[in-house]
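**Q** Numbering (my numbering), first residue to last: 45 to 450. Before we start, here is the structure in question, set down as structure tokens.
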Amino acid sequence: MIEPMGNAGRFLVEAAGRLGVRLYAATHKDVHDGYPHRLRDALSGVCATDLTDTARALADMEAFCRRHAVAGIAACFELFTPLAALLAERTGLPGNDPRLAHAPRNKILMGEAFARAGVPAPRWAVAHDPDEALQVARAGPGALGWPLVVKPAEQGGSWGVSVVDGPDRLADAVRAAQRYTRAEPHGLPLDTRALLQEYVPGREYSCDTVVADGVAHPLPVVAKDTTDGTYRIETGHTCPSGLPGPLEEEVRRVAARAALAVGVRNGIAHTEVKIPPGARTPYVIETGARLPGDNLCEVVEAATGVDEAVAHLRAVLGTAPDTAPTRTDAAAIRFLLPERGGVLRRLDVPGEPGTHAELYLKPGDAVPEPADSACRAGHVLARAATAGEARRLADRVAARSRVEVG
Ligand SMILES: Nc1ncnc2c1ncn2[C@@H]1O[C@H](COP(=O)(O)OP(=O)(O)OP(=O)(O)O)[C@@H](O)[C@H]1O
Ligand SMILES: [Mg+2]
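Spelled out as structure tokens, the structure:
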């Protein structure tokens, strides 16, 4: 597992236990020092390297794979999905297309890959600075129009993403998108170009796709809720999606095409789409060659019985994944967001049957401004018989929770 410290790592640990496989991590020594105990204890060994130095990381990981007879490679951190594809090529293990290694990480290369494969996606343009962005946004026929979305070429968690409704705010949005020159905690250099995208209105969904030997197995669709306005922070997810059957099928089909377009061959992809009101075609916002974050593994498993992490491990081991739903229940997750940044004074979540909560912060911790997902204080997850009930239950607990910032 290349950098399992994120949200998906814990699900892979549980999945490895179920499959009876040993897990090894490739990471930085100081990042490993900060791993939670249960992740550290679950590892059979660690390849300490410098993941920001591609040549060195590949050489270290290849030697490690041979020494430990590693049978499969999974990237858990989106920015290291290219390394996983390149390592699979070097070791001859199942993996994604090395020629497209960077497409699931870099949204400019992703846009090119979608265009080549005819995947429905918003129109886009690249800007190296605010002036170029203004020229691009104003450029006559074919202009992206307003509002448009400005985002970093490489980043996640909605960091640096803003919806801009006119030229006055464009320069600030481009500067915000270009703020990230390195990704922490590894110090990985990032492509600092800004991406301008046509704004796609409508509801948002995600759909994960397991791919085994180039054959796509789409998983159930999940409805996503976000904040409105300039900053779009995910506020929750609900499964099942509530979409009519044919549209749910279309989302699964388009998500599978997006996964294949960015070179996913043996692994999993997390794809986000929006469906404009009245439209029958979903537009792909992005796809990542990794398990989803946001505890979506838990949401999908609770609702459908599909274990995405097990399916992912099977796919990277080159064995057939089991993606058939075994349940028709429902689950919803709601994130606890502060109204503003500051210092957390109080965090209370009422207990309610059918729900459980997880808190990420404690009183005294700094809370960032609610401009991206780093501001979340915790979540509540509800299980019920229907999506509507799960959503209501999670919403009720979230509404009664107190996230006080001073
Ligand atoms: N072209 C677009 N049209 C409409 N909304 C968009 C568009 N691009 C992004 N958004 C909104 O902004 C959110 C974040 O954008 P995006 O997914 O591209 O960034 P990210 O940082 O990779 O996100 P994350 O890692 O949180 O999934 C999307 O989930 C969506 O709500
Ligand atoms: Mg996204």
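The beta-carbon is built from N, C-alpha and C at its ideal position, and this holds for glycine as well. These numbers were taken from a predicted model, which means no experiment stands behind them.
What are the uninterrupted segments assigned as beta strand (DSSP E) that are 3 or more residues long and contained completely in the stretch 210-272, given in chain order?
**A** Counting whole runs of 3 or more residues, the stretch 210-272 contains the beta strand (DSSP E) stretches 238-242, 247-256 and 259-270.
**Q** For Asp-351, is the classification buried or exposed, using 16 other Cβ atoms within 10 angstroms of its Cβ as the cut-off for buried?
**A** Here the question's residue 351 lines up with position 307 in the sequence shown. Buried.
**Q** May I ask whether a heavy atom of ligand 1 can be found less than 8 Å away from the beta carbon of Arg-247?
**A** Taking the sequence shown and counting its residues from 1, the one referred to as residue 247 is at position 203. Not so, every heavy atom of ligand 1 lies at least 8 Å from the Cβ.
**Q** Helix, strand or coil: how does DSSP classify Pro-196 here?
**A** Your numbering for residue 196 matches position 152 in the sequence shown. Of the three classes helix, strand and coil, the one that applies to Pro-196 here is strand, per DSSP.
**Q** So Cys-283 is in the alpha helix (DSSP H); what residue range does that whole segment cover?
**A** If you number the sequence shown from 1, residue 283 lands on position 239. Where Cys-283 is concerned, there is no enclosing alpha helix (DSSP H), although the beta strand (DSSP E) it sits in stretches over 278-283.
**Q** May I ask which residues mark the beginning and end of the beta strand (DSSP E) holding Cys-419?
**A** Here residue 419 refers to the residue found at position 375 when the sequence shown is read from its first residue. No beta strand (DSSP E) contains Cys-419, which DSSP labels as neither H nor E.
**Q** Are the stretch 52-62 and the stretch 91-98 touching, with three or more C-beta to C-beta distances below 8 Å?
**A** The stretch 52-62 vs the stretch 91-98: no contact.
**Q** Which residues does DSSP list as the beta-bridge partners of Phe-379?
**A** Residue mapping note: residue 379 aligns to position 335 of the sequence shown, counting from 1. DSSP output for Phe-379 lists His-423 as bridge partner(s).
**Q** Can you tell which of Ala-107, Arg-389, Ala-410 and Gly-337 has its C-alpha closest to the C-alpha of Phe-379?
**A** Numbered from 1 along the sequence shown, position 335 holds the residue referred to as residue 379. With distances taken between Cα atoms, Phe-379 lies closest to Gly-337.
**Q** Entirely within the stretch 118-201 and at least 4 residues each: give me those alpha helix (DSSP H) ranges in chain order.
**A** For the stretch 118-201, whole alpha helix (DSSP H) runs of length 4 or above, ordered along the chain, are 125-135, 151-161 and 174-182.
**Q** Using only the alpha-carbon positions, how far apart do Asn-321 and Arg-110 sit?
**A** By 1-based counting over the sequence shown, the position of residue 321 is 277. By 1-based counting over the sequence shown, the position of residue 110 is 66. Rather than Asn, the amino acid found at residue 321 in this sequence is Pro. Approximately 52 Å between the Cα atoms of the pair.
**Q** Which of the three DSSP states, helix, strand or coil, is assigned to His-76?
**A** Looking up residue 76 in the sequence shown gives position 32. Note: His-76 maps to helix in three-state DSSP.
**Q** Regarding Gln-467 and ligand 1, is the C-beta to nearest heavy atom distance less than 8 Å?
**A** With the chain covering 45 to 450 only, the question about residue 467 has no answer from this structure.
**Q** Grab me the residues of Val-114's own chain with a C-beta within less than 8 Å of its C-beta, minus the 5 sequence neighbours each way, in chain order.
**A** Indexing the sequence shown from 1 puts residue 114 at position 70. Here the set comprises Tyr-68, Phe-108, Thr-135 and Leu-137.
**Q** Helix, strand or coil: how does DSSP classify Asp-338 here?
**A** To locate residue 338, count along the sequence shown from 1; it is residue 294. DSSP places Asp-338 in coil when its eight states are reduced to three.
**Q** Identify, in the order they occur along the chain, each residue of the same chain with its Cβ nearer than 6 Å to the Cβ of Val-163, setting aside the five sequence neighbours on each side.
**A** As a first step, residue 163 is located in the sequence shown; it is residue number 119 there, counting from the start. Same-chain partners within the cutoff: Arg-301, Ala-302, Ala-305 and Val-328.
**Q** Please list, following the chain, all residues that have a C-beta closer than 5 Å to any non-hydrogen atom of ligand 1.
**A** Answer in sequence order: Pro-166, Val-193, Gly-200, Gly-201, Ser-202, Val-205, Gln-241, Tyr-243, Val-244, Thr-270, Arg-276, Ile-329 and Glu-330.
**Q** Taking the beta carbon of Gln-222 as the centre, do at least 16 other beta carbons fall within 10 Å, making it buried, or is it exposed?
**A** One-based indexing of the sequence shown puts residue 222 at position 178. It is buried - the Cβ of Gln-222 has at least 16 other Cβ atoms within 10 Å.
**Q** With DSSP as the reference, label Glu-330 as helix, strand or coil.
**A** Residue mapping note: residue 330 aligns to position 286 of the sequence shown, counting from 1. DSSP places Glu-330 in strand when its eight states are reduced to three.
**Q** What did DSSP end up calling Thr-71 once you bin it into helix, strand or coil?
**A** Here residue 71 refers to the residue found at position 27 of the sequence shown. Strand, per DSSP.
**Q** How would you call Gly-451, buried or exposed, if buried means at least 16 neighbouring beta carbons within 10 angstroms?
**A** Coverage of the chain is limited to positions 45 through 450, which leaves residue 451 absent and any answer about it impossible.
**Q** Within 10 angstroms of the Cβ of Ser-88, are there 16 or more other Cβ atoms? Answer buried if so, exposed if not.
**A** Counting from one through the sequence shown, the residue named residue 88 turns up at place 44. Burial call: exposed.
**Q** Are the beta-carbon atoms of Gly-200 and Leu-123 separated by less than 9 Å?
**A** Position 156 of the sequence shown, counted from the first residue, corresponds to residue 200. Position 79 of the sequence shown, counted from the first residue, corresponds to residue 123. Yes, the Cβ-Cβ distance between Gly-200 and Leu-123 is below 9 Å.
**Q** What is the residue span of the alpha helix (DSSP H) that Ala-364 lies within?
**A** The residue labelled residue 364 in the question sits at position 320 within the sequence shown. Note, Ala-364: premise wrong, no alpha helix (DSSP H); not H, not E.
**Q** Determine the DSSP secondary structure at Arg-358, reduced to helix, strand or coil.
**A** In the sequence shown, residue 358 corresponds to position 314, counting from 1. Correct three-state label for Arg-358: helix.
**Q** Report the rounded CA-to-CA distance for Leu-391 versus Glu-156, giving the unit in angstroms.
**A** Here residue 391 refers to the residue found at position 347 of the sequence shown. Here residue 156 refers to the residue found at position 112 of the sequence shown. Answer to the nearest angstrom: the Cα atoms are 44 Å apart.
**Q** Would you kindly work out how many angstroms separate the C-alpha atoms of Gly-311 and Thr-253, rounded to a whole number?
**A** For this step, residue 311 is matched to residue 267 along the sequence shown. For this step, residue 253 is matched to residue 209 along the sequence shown. If you take the alpha carbons of Gly-311 and Thr-253, they lie about 8 Å apart.
**Q** Is there contact here, the stretch 280-299 with the stretch 259-269, by at least three beta-carbon pairs under 8 Å?
**A** Yes: the two stretches touch, three or more of their Cβ pairs being nearer than 8 Å.
**Q** I want to know whether the stretch 380-389 touches the stretch 238-257 - three or more CB-CB distances under 8 Å.
**A** No, they do not touch.
**Q** Would you call the stretch 47-58 and the stretch 71-88 touching, i.e. three or more CB-CB distances under 8 Å?
**A** Touching, yes.
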